[in-house]
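J.: In my numbering, the protein residues as written are 2 to 530. Encoded as structure tokens, here's the structure I'll be asking about.
In structure tokens:
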């Protein structure tokens, strides 16, 4: 087989494109697609040594780390055999002309990326049988680029030596020592070099700060990560930017099916996830932060014990955590909030996820500048775009809801400092599950406007009546906006000392008694001092 020459950057791009194509052919939410994604991501990230039968079984195939025995359970070998067969069929069929082929060689779980022979040679490429001539340059480096990027085990002792991550550190140390010796010699011989070294070279000035040797620079906060995602930044409904996954160790990335997700206005947060036993080590400046974790369960489970644990800096914060139970169903967005989070002594925020009865998973993480001993305020308006009021307070687009309808017509509210703030509504029979830290008590502020019933259409008092409950407690009963405030006037109701549910939620229910319930704005304020 003749291997086409290709640059390292282009090669990685082509391999990821091919991985997406094979995933689509296998069915992106299928077990084989998940297995292929895990194997390829480990390989492309240089983590081939983690592709063991035990890791694959427990991080991909849902086996428990406490009971899995590869001698008695052959699930990994069976699924790998199925995957090899499907890949062979794929490339013998319509994909035979793809520029990259993916295979899982026998005797290993490390995938191989190969480039079949091209009938027509491009200018400057290697002629058949003469490896190493890339773009007219003959060199060992050219030969390495021209050959297969992921060789099968046993291809050469030097290549296997280089594939071990710890050997790279030894090689790097030799290169640095050699470079230092050369620089010292030159600086002694050339006075101009001495002047440049004292003044600081442009390269040194432009280098990004990294803190101590081997310690990454602190992350910019707010930090928003889409777990398992490796593409360009995405922007949510509040115009906040979410970045590709980073700072993780272990686990594997997956991609969800096209199933919709309830209780969110930002589906992009739940399109990917990281699964398995994994952790995040996020470098942060000293200080107080607020951590938000986002989850969704893709399918219902007949197993009542599908739980995992979450730790922050070693302290257990979620035990026996079951996404289905927490969110009250599959394909429902779930968010957990933790205030007073700070980096550990090593300057890192450590968030770890461990298997109890099922492989852990997470869809997104968010780190925000915090307020000591108090959760950040939550302000929602029943609109599809964010809003900043005259006090400089930010209001997030409608979120955390289930059922009801969002009005598509605005009604300017006269006599208000912000006439557009409560100009729309959610109406019908609906609920909100607003996430909060479980340790505190909260003030809830609800903003209402009677936008429809009034003298202009023959309505009036008694035309709209409904009740509002929080975690089963009735806050408002037989509530009539028009009776208290008339038409197109903001009516605000405030409730104190509300206790969240065990799942860290203020569950608000808006239940019609006559015609639809309605709300135009919701605020949640932490009462901690």
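Ideal placement from N, C-alpha and C gives every residue a C-beta, glycine not left out. What you are looking at is a predicted structure, and each value in this text was computed from that prediction instead of being measured.
1. Considering residue 565, what are the terminal residues of the alpha helix (DSSP H) in which it resides?
2. Out of curiosity, what's the CA-to-CA distance linking residue 143 and residue 9?
3. Flag this pair as touching only if the region 502-520 and the region 360-377 have three or more C-beta atom pairs under 8 Å; answer yes or no.
4. Would you mind reading off the limits of the beta strand (DSSP E) that contains residue 354?
5. Based on DSSP bridge pairs, tell me the residues matched to residue 337.
6. On a CA-only basis, which of 521, 421, 504, 64 is nearest residue 449? Give me that one, please.
7. Taking only the alpha-carbon atoms, compute the straight-line gap between residue 420 and residue 414 and give it to the nearest angstrom.
8. Span of the beta strand (DSSP E) holding residue 102?
9. Verify whether the separation of the beta carbon atoms of residue 319 and residue 310 is less than 8 Å.
10. Could you check whether residue 263 and residue 398 sit closer than 8 Å to each other, using their CB atoms as the reference points?
11. Can you check which of these residues, 438, 391, 451, is closest to residue 422 by C-alpha distance?
12. Within 10 angstroms of its Cβ, does residue 371 collect 16 or more other Cβ (buried), or is it exposed?
13. For my contact list, residue 509 and residue 501 are in at a C-beta cut-off of 8 Å; report their separation, rounded to the angstrom.
14. Can you look up residue 362 in the DSSP assignment and give me helix, strand or coil?
15. Quick one: complete alpha helix (DSSP H) runs, 4+ long, within the region 46-124?
16. Measure the beta-carbon distance from residue 334 to residue 297 and round it to whole angstroms, keeping in mind my assumption that it falls under 8 Å.
17. Could you please give me the residues that DSSP links to residue 523 through a beta bridge?
18. Residue 324 by DSSP, collapsed to three states: which one?
19. Which runs of the beta strand (DSSP E), 3 residues or longer, sit entirely within the region 476-524?
20. State the start and end residues of the unbroken beta strand (DSSP E) segment that holds residue 423.
21. Are there 16 or more other CB atoms within 10 angstroms of the CB of residue 58, so buried, or fewer, so exposed?
22. Check the C-beta distance from residue 574 over to residue 275 and give it rounded, since I have them as a contact under 8 Å.
23. How far does the beta strand (DSSP E) with residue 433 in it extend, from its first residue to its last?
24. Tell me which same chain residues have a C-beta within less than 7 Å of the C-beta of residue 267, skipping the five on either side of it?
25. Between the C-alpha atoms of residue 232 and residue 86, what's the straight-line distance to the nearest angstrom?
26. Does DSSP put residue 310 in a helix, a strand or coil?
27. Are the beta-carbon atoms of residue 257 and residue 299 separated by less than 8 Å?
28. Have a look at residue 97 and residue 116 and give me their C-alpha separation to the nearest angstrom.
29. At the level of alpha carbons, what is the spacing between residue 476 and residue 494?
30. Would you report the Cα separation of residue 482 and residue 424, rounded to the nearest angstrom?
31. Using the Cα positions of residue 469 and residue 81, report the straight-line distance between them to the nearest angstrom.
32. If you compare alpha carbons, which of 410, 524, 288, 313 is closest to residue 294?
33. Check the C-beta distance from residue 290 over to residue 343 and give it rounded, since I have them as a contact under 8 Å.
34. Could you tell me if residue 364 is buried or exposed, where buried requires 16 or more neighbouring beta carbons within 10 angstroms of its beta carbon?
35. State the start and end residues of the unbroken beta strand (DSSP E) segment that holds residue 330.
T.: Inspection of the coordinates gives the following:
1. The requested residue 565 does not occur in the structure, where the chain is confined to residues 2 to 530.
2. Position 142 of the chain shown, counting from 1, holds the residue named residue 143. Position 8 of the chain shown, counting from 1, holds the residue named residue 9. Low per-residue confidence applies at residue 143: pLDDT is 34, beneath 50, and the placement is therefore not dependable enough to give any value.
3. In the pairwise beta carbon analysis, the region 502-520 is classified as not touching the region 360-377: fewer than three pairs are separated by under 8 Å.
4. The sequence position of residue 354 within the chain shown is 353, counting from 1. Note, residue 354: beta strand (DSSP E), 349-356.
5. Counted from its first residue, the chain shown places residue 337 at position 336. Note: residue 337 sits in a beta bridge opposite 294.
6. For the purposes of this step, residue 449 is taken as residue 448 along the chain shown, with counting starting at 1. The residue with the shortest Cα to Cα distance from residue 449 is 521.
7. Along the chain shown, read from residue 1 onward, the residue named residue 420 stands at position 419. Along the chain shown, read from residue 1 onward, the residue named residue 414 stands at position 413. One alpha carbon belongs to residue 420, the other to residue 414, and they sit about 5 Å apart.
8. Numbered from 1 along the chain shown, position 101 holds the residue referred to as residue 102. 102-104 is the span of the beta strand (DSSP E), which, as asked, contains residue 102.
9. The count along the chain shown starts at 1 and reaches residue 319 at position 318. The count along the chain shown starts at 1 and reaches residue 310 at position 309. In this structure, residue 310 lies closer than 8 Å to residue 319 by Cβ.
10. Position 397 of the chain shown, counting from 1, holds the residue named residue 398. Position 262 of the chain shown, counting from 1, holds the residue named residue 263. Going by C-beta atoms, residue 398 is not nearer than 8 Å to residue 263.
11. Indexing the chain shown from 1 puts residue 422 at position 421. Comparing Cα positions, the closest option is 391.
12. The residue labelled residue 371 in the question sits at position 370 within the chain shown. Buried, since its Cβ has 16 or more Cβ neighbours within 10 Å.
13. Counted from its first residue, the chain shown places residue 509 at position 508. Counted from its first residue, the chain shown places residue 501 at position 500. Residue 509 to residue 501, Cβ: 12 Å. No contact.
14. Within the chain shown, numbered from 1, the residue matching residue 362 stands at position 361. In this structure, residue 362 counts as strand in the three-state DSSP scheme.
15. For the region 46-124, the full-length alpha helix (DSSP H) segments reaching 4 residues or more read 54-60, 76-93 along the chain.
16. Locating residue 334 in the chain shown gives position 333, where the first residue counts as 1. Locating residue 297 in the chain shown gives position 296, where the first residue counts as 1. In this structure residue 334 touches residue 297 by the C-beta definition: roughly 6 Å separates them, less than 8 Å.
17. Here residue 523 refers to the residue found at position 522 of the chain shown. Answer is 381, 447.
18. In the chain shown, counting from the first residue as 1, residue 324 sits at position 323. When secondary structure is reduced to three states using DSSP, residue 324 falls in the helix class.
19. Qualifying beta strand (DSSP E) stretches, in chain order: 491-499, 506-515, 518-520.
20. The residue labelled residue 423 in the question sits at position 422 within the chain shown. Per DSSP, residue 423 lies in no beta strand (DSSP E) and is assigned neither H nor E.
21. Within the chain shown, the letter at position 57 stands for residue 58. With at least 16 other beta carbons inside 10 angstroms of its own, residue 58 counts as buried.
22. Because residue 574 is not part of the residues shown, which for the chain are 2 to 530, the question remains open.
23. Taking the chain shown and counting its residues from 1, one reaches residue 433 at position 432. Run containing residue 433: 431-436, per the beta strand (DSSP E) assignment.
24. Taking the chain shown and counting its residues from 1, the one referred to as residue 267 is at position 266. Cβ-Cβ distances below 7 Å link residue 267 to 237, 238 in the same chain, with the five nearest sequence neighbours on each side left out; the list follows chain order.
25. Sequence index remark: in the chain shown, residue 232 carries index 231 (1-based). Sequence index remark: in the chain shown, residue 86 carries index 85 (1-based). Rounded to whole angstroms, the gap between the alpha carbons of residue 232 and residue 86 is 29 Å.
26. Working through the chain shown from its first residue, we reach residue 310 at position 309. In the displayed model, residue 310 falls within a strand according to three-state DSSP.
27. Stepping through the chain shown from its first residue, residue 257 is reached at position 256. Stepping through the chain shown from its first residue, residue 299 is reached at position 298. Closer than 8 Å, so yes.
28. Looking up residue 97 in the chain shown gives position 96. Looking up residue 116 in the chain shown gives position 115. Just so you know, the alpha carbons of residue 97 and residue 116 end up roughly 11 Å apart.
29. If you number the chain shown from 1, residue 476 lands on position 475. If you number the chain shown from 1, residue 494 lands on position 493. Rounded to whole angstroms, residue 476 and residue 494 show a C-alpha spacing of 9 Å.
30. Along the chain shown, one-based indexing puts residue 482 at 481. Along the chain shown, one-based indexing puts residue 424 at 423. The C-alpha of residue 424 is placed about 15 Å away from the C-alpha of residue 482.
31. Indexing the chain shown from 1 puts residue 469 at position 468. Indexing the chain shown from 1 puts residue 81 at position 80. Using only the alpha carbons, I get a separation of about 54 Å.
32. Locating residue 294 in the chain shown gives position 293, where the first residue counts as 1. When only C-alpha atoms are compared, the closest one is 313.
33. Here residue 290 is taken as the residue at index 289 of the chain shown, counted from 1. Here residue 343 is taken as the residue at index 342 of the chain shown, counted from 1. 7 Å between Cβ atoms; contact.
34. For the purposes of this step, residue 364 is taken as residue 363 along the chain shown, with counting starting at 1. Buried, by the Cβ-count rule.
35. The sequence position of residue 330 within the chain shown is 329, counting from 1. Unbroken run through residue 330: none, as it is neither H nor E.
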